[in-house]
Each structure stands twice: as C-alpha cells, then as structure tokens.
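Taking it in order: structure first as structure tokens, then the write-up.
There are 2 protein chains.
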Amino acid sequence: MISWKNLDTLKAYEKLSGLKNHVKLSDAMAGESGAKRVAEYSVPMAGGLTYNYAAKAVDGDVLAALAELAQEAQLTDKFAALYNGEVINTGEKRLVLHQLTRGQLGDDVMADGVNKREFYAAQQKKAADFARKVHAGEITNAKGEKFTTVVQIGIGGSDLGPRAMYLALEQWAKQNGCAKMEARFISNVDPDDAAAVLKSIDVSRSLFVLVSKSGTTLETLTNEAFVKDALKNAGLDASKHMVAVTSETSPLAKSSDYLAAFFMDDFIGGRYSSTSCVGGVVLSLAFGPEVFERFLNGAAEADKLATEPDPMKNAAMLDALIGVYERNVQGWPSTAVLPYSQALSRFPAHLQQLDMESNGKSVNRFGEPVDYATGPVIFGEPGTNGQHSFYQLLHQGTDIVPLQFVGFKKNQAGMDVDIQGSTSQQKLCANVAAQIMAFACGKKDDNPNKAFAGNRPSSIIIGDQLTPEALGALLAHFENKVMFQGFCWNVNSFDQEGVQLGKVLAKRVLAHDTDGALKAYSDLLDI
Amino acid sequence: MISWKNLDTLKAYEKLSGLKNHVKLSDAMAGESGAKRVAEYSVPMAGGLTYNYAAKAVDGDVLAALAELAQEAQLTDKFAALYNGEVINTGEKRLVLHQLTRGQLGDDVMADGVNKREFYAAQQKKAADFARKVHAGEITNAKGEKFTTVVQIGIGGSDLGPRAMYLALEQWAKQNGCAKMEARFISNVDPDDAAAVLKSIDVSRSLFVLVSKSGTTLETLTNEAFVKDALKNAGLDASKHMVAVTSETSPLAKSSDYLAAFFMDDFIGGRYSSTSCVGGVVLSLAFGPEVFERFLNGAAEADKLATEPDPMKNAAMLDALIGVYERNVQGWPSTAVLPYSQALSRFPAHLQQLDMESNGKSVNRFGEPVDYATGPVIFGEPGTNGQHSFYQLLHQGTDIVPLQFVGFKKNQAGMDVDIQGSTSQQKLCANVAAQIMAFACGKKDDNPNKAFAGNRPSSIIIGDQLTPEALGALLAHFENKVMFQGFCWNVNSFDQEGVQLGKVLAKRVLAHDTDGALKAYSDLLDI
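Top to bottom, those sequences are chains A and B.
Going from the first sequence to my numbering is simple: count from 1 and add 999.
Going from the second sequence to my numbering is simple: count from 1 and add 999.
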C-alpha cells in the first residue's frame, strides 16, 4: 500500500538530517582512499554510461540513511504505480506515461479505450514511415524536389528537448552517414526568431513540424501563421509543407492544413515528450527512424534499471537521493550541469526545464504547503567554456553549488589534432578530471586569494561516446531522477500551474483590459 | 581619501539590515499606488534605455539606506579612482581600463609609456581600416576573392561577449544593410566544436581571428592548430587567412603567421573586453566599423551616467545597490536574466561570466575572508521561451529568485504577423508586462496548487529597439553594476585566481604525473 508522505515526516529523513557536514570531502578524496572511492562509488547505467559519485560528500553512513529513505518513501513502489497506469498527476487527474513511448515496464495500460503502449508505438511507426517516404523522395515539394530541411515550430517541451537531442546527435550523424535532413527550430514569439530561421533556409525545400498538444499554444500558432505567410509569399502551398504533432482531440488533428498528423496525448508532459512524436517526427526526419529507435532503446534500458529497488544499483534513484541530501540537509540552493561535450550544448537548458518545471513547487500533491525546500535552480554550459567563465564562483564563491559533470572518452566528429603531446579530446577529458579534484580537494596557499577551500561536491556520468543509445539513457536518467526527487518531496512533478497566471494577464494586456501598474507597464512598452 | 572597507563594517549596512522584508511588494504594486510606482521608480539610461525598478521590493526607506550605503562605500570616488588609472586590480597589480576603450572619463592615463586612451583608439582605428580593406576587396584570399565569413577563435571573455554582441546585432544589421560578413565562433577544446564550424563554412573565403591576450591559452592555440590543419588540407596558406588579437608582448604579436595583429593589454580583463579589439575586430568585420563605433558610443554614454553620485540618477549604481540588498539582507542566492528579445539569446551567458567571474570571491581585496555573501549565481534564457520552461519554479518554487527583465518596443528584423488582433511583437511585450505583475502580485485561489504567492521582485530595462547604441549601453550598464557591487563587497572584481588550480591539474593529467583519485579519474576517461 502506497502512502504519500511529506519528506519531513519520514524517520529516515530525521536520521539523514543528523548527518549534516558528515563527510569532509577534501579528506575523503585525498591519497589512496580517494582512488578507492573512485573505484567503488560507481553505478552502471544504460547506454554504456557509468554514474560515478566518488566526489559527492557521502559515505557509508549517509548512503545507508539514503537507502532507508528510499525504502520509507516507497520510491520503487511509486514508480511502479506510475508505469502501471495510476493517476500520478493528481492535480490534472492524469496518468503519466512517457516511459511507455519507449517500452513496457509493467502492466498493460488502457486509457481512452486503447492500449497506450500500442498507441505510442503506432504513432512512432507512422512517423518512421513518413520519414522514410520523405527520404526516399516519395513525399516531395510541388516541383518533385526532395525536402532538405525540417523546421520544428514549438515552445517549451516541444522545443527544448527535441532541439537539445538534435544538437547532441548532429555531428555524430554526419560522421556516421545518418544525416538525412538539417533541422531548425522556431520557438520564441519574438518575430525576430522566426525571421532569422526563415532567412537561413530554402523554404521551398523545407518541411515544417507544428507541435502543440492542445493545438492552442499562442506562441506556436503565431509562428505557424508567420511561416505560412512566408510560404505563401514564396508562391508555395503551405499545406504541402507542414505536418502537425498534436493530440487527437485538438483542432489540428484532422485539419486539411497539414500533410499528416502524429498524435500524443495528455499523459505525456511537454518536458517529458522527447521520446514521443514530439521528438520522434523531427529526429526521424533528421537522422532516420533507425537512429531514433536506438535513442528510444537507450531510454528504455535506463527505465528498466530505474525499477531496481536498491539505490546502490539504481543510478537515477541514487542521484535523486544525493540531491535531496544536498538540497534539504546541506541547504544548497542550486545545481550546475557541466557536460564536457559540445554536442550537449543545449542539454543544460533542457534539464533546466525538466527539473525546475517539475519540482519547482511549494505545495505537496494534496495542495498543502510544504515546510522544506523543493527543486533547486539548475544552470550550466559546456566545459571547457564554463571553466573560462563562471567556474571562478564555483571554486571560490561564498556559496557551494553541487556539480553534475558529463564526459565521454571519444568525440563524435572523428576529427582531432595533436598539440603539445595530446589530442583535443585528451585535453577535454584531462580538464574534467582535473576540475573534479580541484573542486573536491582544493589547495592551500599562503596567499588566501590563491587558496581553494575545496569540499565542493560533484558527480560525473562517463560514457565511451555520445551515441543515440547513450543520449537516450542520459535523457531518461534525468527524467527518472527528477521523478524520484518529486516522490521524496511529495510534490506533483507532472503539472505546471505556475505558468498559467502570466498567460491570463498577457491576454488581458492584449485586450487592453488592464488598470494600475499593469496598464502602466503596457503603456511603457507601447502595447 | 578612499578607504576600502568590508560591507559589514559600514553603518549604512547595519541600517539596511534592519529593513529586511520591509516592503510588501504585492501591496505596493496593487491598484493605483502600483501605477504611481511604475511612473516614479524609473531612471534614464544611455542608448535610449530606461531602468524601471517599480517591481523591486524597495521604498523610500530602503532607497534612503541604499543612498547612504553608496556614499559611505564611496562608490563614486572608487569609480573615479579606477578610471583615473589607480591600481584597482590589486591582486594582479594592474590598472582597470576597459572604459578607456570607448571614452575618456577623467585624467589622462599613462602606462607602458603611452597614453592608454590613444593606444586603444589607435587599435580601434587599425581594426576599422583593416575591416574596410576586407570589405572593399583590397585584402582577399589568394584567388583574389572577397572574404565572406569571419571566425573568432577564443574562449571565455574572448568568446562569450563578442558572440553575444554579434548575435544581438545580426538581424538588425541584415535589416539595416550593415551585414558585411557572417561570423562564427570556435571556443571549446572539444574537437567537435571546431569540426562543426569548419563543416558549416567555406574555409577558402574565411578569415580567422585568433584571440588570446597572453598568446598561451591552451584551448585557443589547440583550436588554431585545428583550423590551420583544415586550411592546409584545403591547399590554403593559413597566414593569409588569420589575424591575431593579443598583447604586444605575446608570442603572437609579431609573428609572420598572421596577416595582421591588433593589440589589447593587461588592463582589459577578458570579460570586460567586448569594447576592445577583442570585440572590435570581429564586429567591425561583421557589421562595419561604423556600427562598432555606434556600439562604443552607447557604452561611453552609459559610463558617463555611471559617474553620477546620486544613485537615484545612476541606473548602474542603483541596480547594484538593490542587488546587494537582495543578496545580503534578503538572502537570495541567485538572479535570473530574462531578455524578451531573441537577439539577446546569449546575453545571459555573457552576464553569467561577467558577474560570477568578477564577484564570485570569498576574500576581500586584501585577501581576508569575508563574512557575507558575495556574487550570486546568474542564469537566464530569452522570454517567452523561459516562460514555458523554468518560470514554474520562479512563480511557485520554495526559493525567491530576483529577476532582471529586458524588453524593446520594436523588433529588429522588420517582419511581423497579426494574429488574433495583435502582432508577435505586441504579444512579446504583453508577456513581459504580464510576468512582472504576476511575479509581484501573485493571485489568491481556493486551490492552493493554482495560487501564486507573488512578492517576487523584478526590474526591467526598456528600450525602443535593440540598436548598436542600446546594446553598448546595456553592456556597459552591467559592467558598471558589477563593478559597484564589487566595491560594496570590497572584493577585487578584476582577477580570477579561481580558474588556476584546474589548469595546473589538467596539465599534470596530460603529463601522466598523477596519483590517487586524479589518476583513477584519468584512467576512467582513458587519458
């Protein structure tokens, strides 16, 4: 029997709270004991990845308390309830089924009168078939020319995840002969966003993917109109250049304005939708359906590992638990995501949405205020760029910021150069190893300005290469981590009521139905 | 006489500390009193911009305490000492002269035996002349073809600022007939970064700008070698495709490997170098020297306004002081930068470096530990994208994050579309106005999950359009804000010792001179 309890009512949390500042990381990571930690504090992940948490400020005592917390909070049971189709998104009274887009972890889930696994798989197949026809030149523009570019029009989860995934595999695909079409993305309602994209492409050879679950997202419909104008001005029939990704009940679903429509539903949150048709159509067009399927396989493998009850064998759960320890016991308010891979340049922006939109909540799943901190601020940029930027504060600032590194042994593009006795890839990897140790152990110096306090914890996810499988595993790891943290905090990680008020007020501004300060701001902005 | 004192030794700070939670923002911004605040809490900036702080949790009492703090901390005198050429960067025993790259605020500054204003102006003229010759086809590739693309190779301050400025003006320049060359940027030592850029350009028509003050930055030299390989493989003479931006004493300064060299010096920190040749060469090539000069004029005008002693008339100083109140009295650890302008997509990344690298310090300018918080975590993405992403946490999370909005009445590209009775630009502006009020006043609701606590403070910088002048003013505003905050915190905002340890350890890894955990990580990463 599952019981949903606030974190601060759990006995294990009381125990954990007694372990504040329990581990002195700079000591733990010094000398051979440090090497031993690196060897032992490691959990295999899907996609050939490994989660190494040697440089986190934990030890046997903290880990034991975290394992108790995992059990008392019933993390595994709650995950099972989710994938078996219970109404986990209680606020909106919805199931939470994004895992079903890439595999079946438990019972058949029936909803809307259909088997949902079959529904998602059918949509994926439809996207794959469509992509193959486009690649084969069976679906072309009016002149019979092949489409060369795919442009996703969406915002939030319909943009950040798919865009980050595309960038993550773009160079890999070029190197491996899977680059079928270039992809571009239009998201912002700022007309300069769409204008810049349209100027950079040949619209006559472009296929647009309009993504809106409800079919009513104002930014997206506005950008659709913008694009249709451009197509019309170029003498083209917009309906032959556009497909829709939407829900079956949306106004877009059966419109003759689109070449084809692909469906998702209310059980897939935007920020969890990269493995649904929201990511599937654009990624299958860009890289071919086989690459998208490999990406799904990596995610499915990660989901399976996340069902393991022992956190010492479940990287997503352990990562989540250590994060709760850092947020609620140590009191650290933010986390930096630092991938040592240029391909992951927009992955931090995706995680920022995934994490902050899921767990940035002040009430529990019953709507009662919670008395503890929930989701942290997430930010990040690729290393080594970040090293020459904000790392100064991370090393010597007054606040401690836990760090999540990601690194790969091999690069993607297969080009490299040997300078001063090492390749660029070796330099990249040397830097991430060096940073972990610099943060953990610091350095004494007679000049306090050159001294490093150390004791700044990090973990690293290491892979051989950023392949489609590794990317899928990485994506699902963080989805599952965020879910487990939401369970710990007893919040609903699957709604986003916090975005509503701004929408309502923006409509009032546009209708000139304002007074007071809102009218004053509107006047300042010439609306 | 200037005295450098810690923030917590100032009487005005004690007074300010007594004003914690002094203003209930949701009340202050309600009704007509809110409209009055919007009208009154406004300071003109350079470049036609306005700083409006009506939605900050301040009132006459707080502002009076901040004005006292400004005086007691001698902010205006310290700024004067800086621009008159005192050794403000005490750690590295250097002057701090980036303002001189765009104007002369005070005394002539002599160093290295020359008048530094004349030196910077001469370098700017050299860059302008060079750019004009490239545009006129007087400097071409070996076949006599014009260069069409400029590629900046640099990292940190040699990358983030210039890249953000380029993106900020790219669409404006295209619309106004000033787009002379496309610009690209290579920064990361990850070889996939350079590989992707090289694949996207015609190297035979590309001019590369190598930027390294010391001439020894490993990432940059590695990428230079990478590019030279590519040029050689294309049968091209690298020395005819590359210029250097460096210091006069660097190994690059007089090398025959470069078509030309442009100079900066130790008195311009990387993160403050966008208005020096570091930004000047690439931006003059991309947009023409006249546009770059307009950008400098905006910055110079902002610097001049920053010399005003009264913070109520000095937007940079007031912004800095309110930030100190929020960080040290209210205890808020991060700040989000949210430009409602797609052109400013990388401006938050630039500010992240500028702010966090400058003020992420734990010791004061004498090397003594400080007992108060210094620089906050800075992060951000353009609105409206952020609204569909991390704004959930900003509205309903357990922590308060102060917000910095930026908005413009007009877009840049001149394309727009009218949907549901409003243009995209109007929708964009309506959203920022709506967000300010949603954050400030919140909303009561019987369903606590749909309730908004409000009392989340923000300020907004409003402009007519993002022109070169407005961009220069925006850049200098934040440079000066960060400087004033550094004065308040009594830290040296102009060194970055925190980046050194990682470099040293990375070299040891590459030399295989490691043991313990560092060796263990190196082994895991196959170095």
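Backbone N, C-alpha and C define an ideal beta-carbon position, used for all residues, glycine too.
- Shown here, N1479 of chain A sits in a helix according to DSSP, grouped into three states.
- Within the stretch 1280–1339 of chain B, the complete beta strand (DSSP E) segments at least 3 residues long are 1333–1339, listed from N- to C-terminus.
- Within the stretch 1379–1399 of chain B, the residues whose Cβ lies closer than 7 Å to some Cβ of chain A are E1380, P1381, T1383, N1384, Q1386, H1387, S1388, F1389, Y1390, Q1391, L1392, H1394, Q1395, G1396, T1397 and D1398, listed in chain order.
- Taken through DSSP and simplified to helix, strand or coil, V1113 of chain B comes out as strand.
- Taking a beta-carbon distance threshold of 7 Å, Y1520 of chain B counts as an interface residue toward chain A.
- The shortest C-alpha to C-alpha distance from N1430 of chain B to any of A:K1518, A:V1042, A:P1381 and A:K1303 is the one to A:K1518.
- Linking A1120 of chain A to A1475 of chain A through their CA atoms gives a straight-line distance of about 18 Å.
- For the pair of segments examined, the stretch 1405–1418 of chain B was found not to touch the stretch 1464–1475 of chain A: the number of CB pairs separated by less than 8 Å stays below three.
- N1020 of chain A is outside the set of residues whose beta carbon lies under 7 Å from a beta carbon in chain B.
- The contact set of Q1425 of chain B on chain A, defined by CB atoms closer than 8 Å, consists of L1509 and I1526 in chain order.
- With fewer than 16 other beta carbons inside 10 angstroms of its own, G1112 of chain B counts as exposed.
- With a contact defined as Cβ atoms closer than 8 Å, A1069 of chain B and V1022 of chain B miss out at about 19 Å.
- Among the residues facing chain B, S1025 of chain A is not included, as its CB has no counterpart in that chain under 7 Å away.
- Close partners of I1154 of chain B in chain A (Cβ separation under 8 Å): T1383, N1384 and H1387.
- Per DSSP, N1222 of chain B lies in no beta strand (DSSP E) segment; the continuous alpha helix (DSSP H) that holds it begins and ends at L1217 to N1232.
- By the rule that beta-carbons nearer than 7 Å mark a contact, F1346 of chain B does not touch chain A.
- Every unbroken stretch of the beta strand (DSSP E) spanning 3 or more residues and falling wholly within the stretch 1045–1096 of chain A is given here in chain order: 1049–1051.
- Interface criterion met: the Cβ of D1192 of chain A is under 7 Å from a Cβ in chain B.
- Burial state of Q1403 of chain B is buried, judged by a 10 Å Cβ sphere holding 16 or more other Cβ atoms.
- Between F1078 of chain A and Q1351 of chain B a beta carbon distance of about 35 Å is seen, past the 8 Å cut, so the two are scored as non-contacting.
- Residues of the same chain with a CB within less than 7 Å of the CB of V1481 of chain A, apart from the 5 flanking positions on each side, are L1353, D1354, S1357, N1358 and S1492 in chain order.
- In terms of Cβ geometry, P1332 of chain A and L1320 of chain A do not form a close pair [threshold 7 Å].
- If you compare the alpha carbons of A:A1172, A:L1024 and A:T1274 with that of H1097 of chain A, the shortest gap goes to A:T1274.
- Under the three-state reduction of DSSP, F1118 of chain A is assigned to helix.
- Between P1368 of chain B and V1362 of chain B, the gap from beta carbon to beta carbon is short of 7 Å.
- The beta carbons of G1501 of chain B and N1446 of chain A sit about 17 Å from each other, so the pair does not count as a contact at 8 Å.
- In the structure shown, the three-state DSSP call for E1181 of chain B is strand.
- Within 7 Å of the CB of E1031 of chain B, the CB atoms of chain A belong to G1515, in sequence order along the chain.
- By the Cβ rule, the stretch 1256–1268 of chain A counts as touching the stretch 1122–1129 of chain A, because three or more pairs are nearer than 8 Å.
- By the C-beta density criterion, K1019 of chain B is exposed, having fewer than 16 other C-beta atoms within 10 angstroms.
- One thing to note: V1202 of chain B has its Cβ within 7 Å of the Cβ of A1229 of chain B.
- Against Y1339 of chain A, the close residues of chain B are D1189, in the order they occur along the chain (beta-carbon pairs closer than 8 Å).
- Taking a contact as a CB-CB distance under 8 Å, the pair L1317 of chain A and L1048 of chain A does not count as one, their CB atoms being some 14 Å apart.
- Counting only Cβ-Cβ distances below 9 Å, R1036 of chain A has contacts in chain B at A1516 and A1519, in chain order.
- With respect to the 7 Å criterion, D1191 of chain A and A1342 of chain B are classified as neighbours on the basis of their beta carbons.
- Chain order gives the chain B residues near M1414 of chain A as P1190 and A1194, where near means a beta carbon separation below 7 Å.
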